[in-house]
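What follows is a single structure, written as structure tokens, with notes after it.
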Amino acid sequence: MDVTERAELTVVGFAVRTTNADEKDPARAKLPALWKRAGAPGAFAHVPGRVDENLYAVLTDYESDHNGAFTQIVGINVRTVPRLPEGMVAVRVPAAKSLKLEARGSMPQALAEAWQQVRQYAESGGSPARAFTTDLEVHHRDGADLYIAL
Numbered sequence: 000m001d002v003t004e005r006a007e008l009t010v011v012g013f014a015v016r017t018t019n020a021d022e023k024d025p026a027r028a029k030l031p032a033l034w035k036r037a038g039a040p041g042a043f044a045h046v047p048g049r050v051d052e053n054l055y056a057v058l059t060d061y062e063s064d065h066n067g068a069f070t071q072i073v074g075i076n077v078r079t080v081p082r083l084p085e086g087m088v089a090v091r092v093p094a095a096k097s098l099k100l101e102a103r104g105s106m107p108q109a110l111a112e113a114w115q116q117v118r119q120y121a122e123s124g125g126s127p128a129r130a131f132t133t134d135l136e137v138h139h140r141d142g143a144d145l146y147i148a149l
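In terms of numbering that gives the first Met the number 0, the sequence shown opens at residue 0 and continues consecutively.
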């Protein structure tokens, strides 16, 4: 884990509001369907200005801490916000001092392990403290990079 300055970016994608408790219950979990929709072939074919081939997960609008509700947007990084296709949202991800973790290996297990490190950092009183503002996952061919706002 390293502290870094993450640059501002804009993500266009699909969004859901959920909680970690709901995601542990397959009957209430919303993230699997969100990822299936965002990962479908051609899901972003009609969105101009794509910056790269990565998928981005923005975790924002935290109700409180990891126990409260949050919004997750899964999408692509774009240069400018286009006219949005139906069902999509755009979110500006502000630049932020962030804790960076790399998830490598078998997914989604490696990603779950990285998030467990984030929880341990927060629960142990890690300094600087987690902000619970806007966090980012950048999914690429080698795995995923997590940027946790501090």
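Beta carbons: idealized from backbone N, C-alpha and C, even for Gly.
- For K35, the three-state DSSP class (helix, strand or coil): helix
- Task: Compare the Cα-Cα distances from G86 to each of A42, L135, R140 and M106 and report the closest residue.
- Result: Of the candidates A42, L135, R140 and M106, the one whose C-alpha sits nearest the C-alpha of G86 is A42.
- Message: Contact defined as beta carbons within less than 8 Å: I believe V92 pairs with E7. What is the distance between those atoms, to the nearest angstrom?
- Response: Sure, about 6 Å apart at Cβ, within 8 Å.
- Task: Take R118 as the anchor and find which of A148, A95, L33 and A94 has the nearest alpha-carbon.
- Result: Closest by alpha carbon: A148.
- Decide if the region 72-83 is in contact with the region 101-111; the criterion is three or more beta carbon pairs, one per stretch, under 8 Å apart. no
- Task: Take A37 and list the residues in its own chain whose beta-carbon comes closer than 7 Å to its own, dropping the five residues that flank it on each side.
- Result: G12, F13, L54, V73 and G74
- Following the continuous beta strand (DSSP E) through D21, name the residue where it begins and the one where it ends. Counting along the chain, D21 falls outside any beta strand (DSSP E), though it belongs to the alpha helix (DSSP H) covering N19 to E22.
- Query: Going by DSSP, which residues form a beta bridge with S97?
  - Reply: Among the bridge pairs identified by DSSP, S97 is matched with T3 and A148.
- Is it true that the CB of A130 sits closer than 8 Å to the CB of T9? no
- Throw me the rounded Cβ distance for the T132 and G67 pair, which I believe falls under 8 Å. So it is not a contact: roughly 13 Å between Cβ atoms.
- Assign A26 to one of three DSSP states: helix, strand, or coil. coil
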